[in-house]
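Sequences listed follow chains A and B, in order.
Numbering follows the numbering used here, in which position 344 of the first sequence is assigned residue number 387; successive positions increment by one, without gaps.
Numbering follows the numbering used here, in which position 239 of the second sequence is assigned residue number 282; successive positions increment by one, without gaps.
Before any comments, here is the structure.
Number of protein chains: 2
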Amino acid sequence: MANMVTVDNGRALRGLRSGAMEEMLDRSAHELYRLVHRTGPGAEFTGWLDLPDRIGPALLRRIDETAASLRNRADVVVLCGIGGSYLGARAGLDFLETGDDRATSSRPAILYAGNNLSPRSLRKTLEQVNDREFSVIVVSKSGTTLETMVTFHMLWTELVHRFGEPAARSRVIAITDPAHGVLRTMAIDKGFVSFDLPQDVSGRYSVLTPTGLLPFAVRGFDVQAILQGAAQQRAAAMETQSQDNDTLVYASTRRLLGRSGKAVELFAAFEPSVHYLAEWWKQLFGESEGKAGKGIFPATADYTTDLHALGQFVQQGSPCLFETVLRLRAAGADMTFTSTPDLHDDLDYLNGALLSSMNQAAEESTVQAHGEGEIPVIQISAVDTSERSFGAIVFFFQLSCAIGGYLLGVDPFDQPGVEMYKRALHALLSTPACQRSTDLP
Amino acid sequence: MANMVTVDNGRALRGLRSGAMEEMLDRSAHELYRLVHRTGPGAEFTGWLDLPDRIGPALLRRIDETAASLRNRADVVVLCGIGGSYLGARAGLDFLETGDDRATSSRPAILYAGNNLSPRSLRKTLEQVNDREFSVIVVSKSGTTLETMVTFHMLWTELVHRFGEPAARSRVIAITDPAHGVLRTMAIDKGFVSFDLPQDVSGRYSVLTPTGLLPFAVRGFDVQAILQGAAQQRAAAMETQSQDNDTLVYASTRRLLGRSGKAVELFAAFEPSVHYLAEWWKQLFGESEGKAGKGIFPATADYTTDLHALGQFVQQGSPCLFETVLRLRAAGADMTFTSTPDLHDDLDYLNGALLSSMNQAAEESTVQAHGEGEIPVIQISAVDTSERSFGAIVFFFQLSCAIGGYLLGVDPFDQPGVEMYKRALHALLSTPACQRSTDLP
Numbered sequence: 044m045a046n047m048v049t050v051d052n053g054r055a056l057r058g059l060r061s062g063a064m065e066e067m068l069d070r071s072a073h074e075l076y077r078l079v080h081r082t083g084p085g086a087e088f089t090g091w092l093d094l095p096d097r098i099g100p101a102l103l104r105r106i107d108e109t110a111a112s113l114r115n116r117a118d119v120v121v122l123c124g125i126g127g128s129y130l131g132a133r134a135g136l137d138f139l140e141t142g143d144d145r146a147t148s149s150r151p152a153i154l155y156a157g158n159n160l161s162p163r164s165l166r167k168t169l170e171q172v173n174d175r176e177f178s179v180i181v182v183s184k185s186g187t188t189l190e191t192m193v194t195f196h197m198l199w200t201e202l203v204h205r206f207g208e209p210a211a212r213s214r215v216i217a218i219t220d221p222a223h224g225v226l227r228t229m230a231i232d233k234g235f236v237s238f239d240l241p242q243d244v245s246g247r248y249s250v251l252t253p254t255g256l257l258p259f260a261v262r263g264f265d266v267q268a269i270l271q272g273a274a275q276q277r278a279a280a281m282e283t284q285s286q287d288n289d290t291l292v293y294a295s296t297r298r299l300l301g302r303s304g305k306a307v308e309l310f311a312a313f314e315p316s317v318h319y320l321a322e323w324w325k326q327l328f329g330e331s332e333g334k335a336g337k338g339i340f341p342a343t344a345d346y347t348t349d350l351h352a353l354g355q356f357v358q359q360g361s362p363c364l365f366e367t368v369l370r371l372r373a374a375g376a377d378m379t380f381t382s383t384p385d386l387h388d389d390l391d392y393l394n395g396a397l398l399s400s401m402n403q404a405a406e407e408s409t410v411q412a413h414g415e416g417e418i419p420v421i422q423i424s425a426v427d428t429s430e431r432s433f434g435a436i437v438f439f440f441q442l443s444c445a446i447g448g449y450l451l452g453v454d455p456f457d458q459p460g461v462e463m464y465k466r467a468l469h470a471l472l473s474t475p476a477c478q479r480s481t482d483l484p
Numbered sequence: 044m045a046n047m048v049t050v051d052n053g054r055a056l057r058g059l060r061s062g063a064m065e066e067m068l069d070r071s072a073h074e075l076y077r078l079v080h081r082t083g084p085g086a087e088f089t090g091w092l093d094l095p096d097r098i099g100p101a102l103l104r105r106i107d108e109t110a111a112s113l114r115n116r117a118d119v120v121v122l123c124g125i126g127g128s129y130l131g132a133r134a135g136l137d138f139l140e141t142g143d144d145r146a147t148s149s150r151p152a153i154l155y156a157g158n159n160l161s162p163r164s165l166r167k168t169l170e171q172v173n174d175r176e177f178s179v180i181v182v183s184k185s186g187t188t189l190e191t192m193v194t195f196h197m198l199w200t201e202l203v204h205r206f207g208e209p210a211a212r213s214r215v216i217a218i219t220d221p222a223h224g225v226l227r228t229m230a231i232d233k234g235f236v237s238f239d240l241p242q243d244v245s246g247r248y249s250v251l252t253p254t255g256l257l258p259f260a261v262r263g264f265d266v267q268a269i270l271q272g273a274a275q276q277r278a279a280a281m282e283t284q285s286q287d288n289d290t291l292v293y294a295s296t297r298r299l300l301g302r303s304g305k306a307v308e309l310f311a312a313f314e315p316s317v318h319y320l321a322e323w324w325k326q327l328f329g330e331s332e333g334k335a336g337k338g339i340f341p342a343t344a345d346y347t348t349d350l351h352a353l354g355q356f357v358q359q360g361s362p363c364l365f366e367t368v369l370r371l372r373a374a375g376a377d378m379t380f381t382s383t384p385d386l387h388d389d390l391d392y393l394n395g396a397l398l399s400s401m402n403q404a405a406e407e408s409t410v411q412a413h414g415e416g417e418i419p420v421i422q423i424s425a426v427d428t429s430e431r432s433f434g435a436i437v438f439f440f441q442l443s444c445a446i447g448g449y450l451l452g453v454d455p456f457d458q459p460g461v462e463m464y465k466r467a468l469h470a471l472l473s474t475p476a477c478q479r480s481t482d483l484p
């Protein structure tokens, strides 16, 4: 199967001992074997490996029908979730938008909520749904995540107030654990349409479950093509010898760079619509690797914007980082630059140039300049911003990340540290000061 | 003068040799002296120190008049700039919005452009001004920054097309070098209203010049209060003994943490409207420190959102980082949580709680949990999100950053590395492939 995501590490390996890459590729191939045969840590959370096949026709039909019903009755769909119950959907929705309004203007707008505790933010969400036909997709495995559930509670109150309880019930879709938890119980009790978050898939690996697929379908994107892209990328990763296996090459290269002392991986792309894919990448790698005092710190940049903010540091600052550049051609109409000689802005030499060509030139220049600055650069190329490409990219990073976790000697599927914050928060909220409307100091 | 920004480093100093802080504070006080007396590196770019006074009544009146004229004739003002010609304005505009639409609904909306080369992004901007009364503020010291000038060129073409050239001329405000460069020449030639970017202030220190002040005035914010806040913070920094001097405490603490091996400073706040202040902070510190192989890598997080993405890494990942949390109370109306017993979401214990109290509890819990995870945490507290507070915060960070650069032994006011990218880009764009509308591979 043709590889939809390719990796060029030619600018990343300078100074590494010869043979080191081959050894690491062998180890990566071994870790891939352990992963696929479910013999590594966290094997009970590797269900995402099978998702491209497991989403059968019956589930796809339910997703399509639910999406169609949302399109028919809602001008706005509020996506209420945080972390893995939010970032994958937003990553895909931004990535897939072509910027061509005609294609999607009849689709409901998507609002994101339930991902913070800012009154200003929640107030704005409520203002935006005010007087508009809205529905809510609420996503939480347990139904106890504070940000999401407090926000959902307020959205529910608004739905009941606006439409009455019976109609409000038909305006909520819950995506949650198949059997347990507060949200599952509520969905049964209220009769919400609901979808399962598979028990063997943790949040940051859940893009290809209804968490991502339902919002993608609501906006009219081709969910099957996304799954096909993921399946194609999986096949490429499983069937290719290690030295030509881009998934293993990425996992191995970043492991070697981490071992050589690089503390930070800076993930960058030259298209603003990739911003939330980068945020998703940040959670995926940060939460999977960052434990037991290990992991490469995941940072992101939107180029060219951030070349004028972080570029100086990347070029000449502390050599604590390496850069991973995702290269792709964004879909949507291009623009041609036409010079206006009387403006005297010295841009006549660009007359007739496509804006995308300038952006591409900026990409080349950056890789070249940062390479000259002796910054290791990993280049990852994807085909375009189609559905198929998105599925492939998601699977590529999930698989690289899981292998990377095994190479590092950690369980890439748990997140024990998040529990400390949740416990501390719950303890504090249960004290009398927060149970009343008192101002904290 | 009362300090409007205070620093608590009690959770940041664990494991440091006793006496180290006192020594570093002494050095910081010395560097402050060198800075103020213009005897350190880059002294010719320290004009920002005087900005709170230097913006006299005549300039303030011109800013007010120009802002009033923009409010009268424009529904949309496009702010065309990148890096320091963009981030400070956006930081302030987001920070100062109260979320109360009544106060600002009669003000023109602000659109940001000229900060990337994405055709999709530029197309969207042109669609958003289509059929609306719009004006353009273009900001560039030299007038040669590609992203900004290409975008301005296209906006200018649109203005001429829509309104005819004479009217178009009156719809552009240029902020640029007082005497030199392409944009200054153009402003003179076309008769644009223009403001000076002082020659002794580099981009990332220019918030308190017309670059920031004009957009703030357009949205109806109190520019004088911003300058007063900056002046008050400056007075506090100049007049306070070093051990109680919060500016020196911040500069010294982060220098000690950097010296102890921390590669990353993670700047976080619990209010989404602080997002672009964090982006501005990132440029300020990254570009000022990141040279000669030195500097702490500046990263940012939006909490609580990113607690569910980066929280795991911060808590238990590689101990390569420390955290700087900006604490403040956002202006704008609060919200009270009212439980609905029939929903069975186990949130009854929060009945009557303010959302801001929950957010505050999340802040406390985070500082506590990350502290228990042995992550050094610097807490910076500002009063609120008023204009005065914004001015104080800006000056606090600029001054800490300049002192930090001196402590590190670099010139905090230059950015030689950005030139490498600009040269490489210009060379590539001047090749024939980019001069025609050919698709690059």
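Even glycine gets a Cβ: it sits at the ideal position worked out from N, Cα and C.
Predicted, not measured: the structure shown is a model, and the values here were computed from it.
**Request:** Please report how far the alpha carbon of residue 463 of chain B lies from the alpha carbon of residue 97 of chain B, in whole angstroms.
**Result:** As a first step, residue 463 of chain B must be located in the second sequence, where it is residue number 420. As a first step, residue 97 of chain B must be located in the second sequence, where it is residue number 54. When rounded, the separation of the alpha-carbon atoms in residue 463 of chain B and residue 97 of chain B is 34 Å.
**Asked** With 7 Å set as the bound, which would you pick, yes or no: does the beta-carbon of residue 51 of chain B sit closer than that to a beta-carbon of chain A?
**Response** On the second sequence, residue 51 of chain B is found 8 positions in, with the first residue counted as 1. Residue contact with chain A for residue 51 of chain B: absent (no Cβ-Cβ distance below 7 Å to any residue of chain A).
**Asked** Below 7 Å between beta carbons: does that hold for residue 258 of chain B and residue 94 of chain B?
**Response** Against the second sequence, residue 258 of chain B aligns to sequence position 215. Against the second sequence, residue 94 of chain B aligns to sequence position 51. Contact annotation: residue 258 of chain B and residue 94 of chain B have beta-carbon atoms that are not nearer than 7 Å.
**Prompt:** What is the rounded straight-line gap between the Cα of residue 153 of chain A and the Cα of residue 119 of chain A?
**Reply:** As a first step, residue 153 of chain A is located in the first sequence; it is residue number 110 there, counting from the start. As a first step, residue 119 of chain A is located in the first sequence; it is residue number 76 there, counting from the start. Their backbone Cα atoms lie some 6 Å apart in a straight line.
**Asked** Among B/115, B/135, B/446, B/391, which has the Cα closest to the Cα of residue 150 of chain B?
**Response** Sequence index remark: in the second sequence, residue 150 of chain B carries index 107 (1-based). With distances taken between Cα atoms, residue 150 of chain B lies closest to B/115.
**Message:** Does residue 241 of chain B pass the burial test, meaning 16 or more other C-beta atoms within 10 Å, or should it be called exposed?
**Reply:** Reading the second sequence from its first residue, position 198 is the one you call residue 241 of chain B. Here residue 241 of chain B is buried: its Cβ has 16 or more other Cβ atoms, across all protein chains shown, within 10 Å.
**Identity of the residue in B/180, B/423, B/400 nearest residue 212 of chain B by Cα** = Your numbering for residue 212 of chain B matches position 169 in the second sequence. It is B/180 whose Cα lies nearest to the Cα of residue 212 of chain B.
**Item:** Cα-Cα separation, residue 451 of chain B to residue 203 of chain B
**Value:** As a working mapping, residue 451 of chain B is identified with position 408 in the second sequence. As a working mapping, residue 203 of chain B is identified with position 160 in the second sequence. So the alpha carbons of these two residues sit roughly 50 Å apart.
**Item:** Contact under 7 Å by Cβ, residue 321 of chain B with residue 348 of chain B
**Value:** For the purposes of this step, residue 321 of chain B is taken as residue 278 along the second sequence, with counting starting at 1. For the purposes of this step, residue 348 of chain B is taken as residue 305 along the second sequence, with counting starting at 1. No, the pair does not count as a contact, with Cβ atoms beyond the cut-off.
**Asked** What does residue 164 of chain B touch in chain A if you count any residue whose Cβ is under 7 Å from its own?
**Response** Taking the first residue of the second sequence as position 1, residue 164 of chain B is located at position 121. Correct list: 315.
**Message:** To the nearest angstrom, how far is the alpha carbon of residue 434 of chain B from that of residue 428 of chain A?
**Reply:** Position 391 of the second sequence, counted from the first residue, corresponds to residue 434 of chain B. Position 385 of the first sequence, counted from the first residue, corresponds to residue 428 of chain A. Rounded to whole angstroms, residue 434 of chain B to residue 428 of chain A spans 42 Å at the Cα level.
**Request:** Taking 7 Å as the cut-off, decide whether the C-beta atoms of residue 330 of chain A and residue 338 of chain A are in contact.
**Result:** The sequence position of residue 330 of chain A within the first sequence is 287, counting from 1. The sequence position of residue 338 of chain A within the first sequence is 295, counting from 1. Not a contact, by the Cβ cut-off of 7 Å.
**Request:** Could you pull out every residue in the same chain whose Cβ sits closer than 8 Å to the Cβ of residue 299 of chain B, ignoring the five residues on either side in sequence?
**Result:** Taking the second sequence and counting its residues from 1, one reaches residue 299 of chain B at position 256. 56, 59, 63, 64, 67, listed in sequence order.
**Of the listed residues B/269, B/474, B/230, nearest to residue 184 of chain B (C-alpha basis)** = The residue given as residue 184 of chain B occupies position 141 in the second sequence. Closest by alpha carbon: B/230.
**Message:** Output needed for residue 523 of chain B: all residues of its chain with C-beta closer than 7 Å, excluding positions within five of it in sequence on either side, in chain order.
**Reply:** No answer is possible for residue 523 of chain B: the residues shown for chain B start at 44 and end at 484.
**Prompt:** Is residue 154 of chain A helix, strand or coil when you go by DSSP?
**Reply:** Numbered from its first residue, the first sequence carries residue 154 of chain A at position 111. Here DSSP, grouped into helix, strand and coil, assigns residue 154 of chain A to strand.
**Message:** Residues of the stretch 358-386 of chain A in Cβ contact with chain B at a cutoff of 8 Å, in chain order, please.
**Reply:** Per Cβ criterion, the list reads 358, 359, 360, 361, 362, 363, 364, 373, 375, 376, 377, 378, 379, 380, 381, 382, 383, 386.
**Message:** Can you give me the C-alpha to C-alpha distance between residue 90 of chain B and residue 247 of chain B, rounded to a whole angstrom?
**Reply:** Taking the first residue of the second sequence as position 1, residue 90 of chain B is located at position 47. Taking the first residue of the second sequence as position 1, residue 247 of chain B is located at position 204. The straight-line gap from Cα to Cα measures roughly 12 Å.
**Request:** Would you decide whether residue 287 of chain B is buried or exposed? Buried here means 16 or more other CB atoms lie within 10 Å of its CB.
**Result:** Position 244 of the second sequence, counting from 1, holds the residue named residue 287 of chain B. By the neighbour-count criterion, in which a residue is buried when 16 or more other Cβ atoms sit within 10 angstroms of its Cβ, residue 287 of chain B is exposed.
**Under 9 Å by beta carbon: chain A residues contacting residue 402 of chain B** = Counting from 1 along the second sequence, the entry for residue 402 of chain B is found at position 359. Chain A residues near residue 402 of chain B: 159, 160, 161, 162.
**Asked** Helix, strand or coil: which one does DSSP assign to residue 370 of chain A?
**Response** For the purposes of this step, residue 370 of chain A is taken as the residue at position 327 of the first sequence. Correct three-state label for residue 370 of chain A: strand.
**Message:** For the stretch 280-310 of chain B, list every residue whose C-beta sits within 7 Å of some C-beta in chain A, in sequence order.
**Reply:** The residues in question are 306, 307.
**Message:** In the DSSP assignment, the alpha helix (DSSP H) including residue 170 of chain B goes from what residue to what residue?
**Reply:** Position 127 of the second sequence, counted from the first residue, corresponds to residue 170 of chain B. Going by DSSP, residue 170 of chain B is part of the alpha helix (DSSP H) stretching over 162-172.
**Asked** Since residue 295 of chain B and residue 71 of chain B are thought to touch, with beta carbons under 8 Å apart, how far apart are those beta carbons, to the nearest angstrom?
**Response** Numbered from 1 along the second sequence, position 252 holds the residue referred to as residue 295 of chain B. Numbered from 1 along the second sequence, position 28 holds the residue referred to as residue 71 of chain B. For residue 295 of chain B against residue 71 of chain B, the beta-carbon gap comes to about 5 Å, under 8 Å, which counts as contact.
**Message:** Closest to residue 51 of chain A by C-alpha separation, out of A/373, A/369, A/394, would be which residue?
**Reply:** Stepping through the first sequence from its first residue, residue 51 of chain A is reached at position 8. Relative to the Cα of residue 51 of chain A, the nearest Cα in the group A/373, A/369, A/394 belongs to A/369.
**Distance between residue 367 of chain A and residue 401 of chain A (C-alpha atoms, nearest Å)** = Position 358 of the first sequence holds residue 401 of chain A. Position 324 of the first sequence holds residue 367 of chain A. So the two alpha carbons sit approximately 20 Å from each other.
**Request:** Look up residue 308 of chain A in the DSSP assignment and say whether it is helix, strand or coil.
**Result:** The count along the first sequence starts at 1 and reaches residue 308 of chain A at position 265. DSSP places residue 308 of chain A in strand when its eight states are reduced to three.
**Prompt:** Residues of chain B with CB under 9 Å from residue 174 of chain A, in chain order?
**Reply:** Indexing the first sequence from 1 puts residue 174 of chain A at position 131. Neighbourhood of residue 174 of chain A in chain B, by CB distance below 9 Å: empty, with the nearest CB roughly 14 Å away.
**Item:** Those residues which DSSP pairs with residue 424 of chain A across a bridge
**Value:** Taking the first residue of the first sequence as 1, we reach residue 424 of chain A at position 381. Paired residue(s): A/49, A/370.
**Asked** Can you tell me whether DSSP reads residue 474 of chain A as helix, strand or coil?
**Response** Position 431 of the first sequence, counted from the start, is the residue given in the question as residue 474 of chain A. Residue state, collapsed to three classes: coil.
**Message:** Tell me the DSSP secondary structure of residue 217 of chain A in three-state form.
**Reply:** Counted from its first residue, the first sequence places residue 217 of chain A at position 174. The answer is strand: DSSP assigns residue 217 of chain A an E or B state.
**Asked** Excluding the five sequence neighbours on either side, which residues of its own chain have a C-beta within less than 7 Å of the C-beta of residue 409 of chain B, listed in chain order?
**Response** To locate residue 409 of chain B, count along the second sequence from 1; it is residue 366. For residue 409 of chain B, same chain residues with a beta-carbon under 7 Å away, outside a window of 5 residues either side, are 346, 350 in chain order.
**Message:** For chain B, check one thing: does any of its Cβ atoms lie closer than 7 Å to the Cβ of residue 354 of chain A?
**Reply:** Counting from one through the first sequence, the residue named residue 354 of chain A turns up at place 311. Between residue 354 of chain A and chain B, the shortest Cβ-Cβ separation is below 7 Å.
**Request:** Kindly list the residues whose CB is nearer than 8 Å to the CB of residue 365 of chain A, restricted to its own chain and excluding five residues on each side of it in sequence; keep chain order.
**Result:** The sequence position of residue 365 of chain A within the first sequence is 322, counting from 1. Only 55, 297, 300, 305, 307, 308, 309, 418, 419, 420, 421 meet the Cβ criterion.
**Request:** For residue 264 of chain A, decide whether its Cβ has a neighbour in chain B, counting only Cβ atoms nearer than 7 Å.
**Result:** Counting from one through the first sequence, the residue named residue 264 of chain A turns up at place 221. The beta-carbon of residue 264 of chain A is placed no less than 7 Å from the nearest beta-carbon of chain B.
**Request:** State buried or exposed for residue 482 of chain B, treating a residue as buried only when at least 16 other CB atoms are found within 10 Å of its CB.
**Result:** The sequence position of residue 482 of chain B within the second sequence is 439, counting from 1. Interpretation of residue 482 of chain B is limited by its pLDDT of 42, a score under 50 that renders its predicted location unreliable; no figure is taken from the coordinates.
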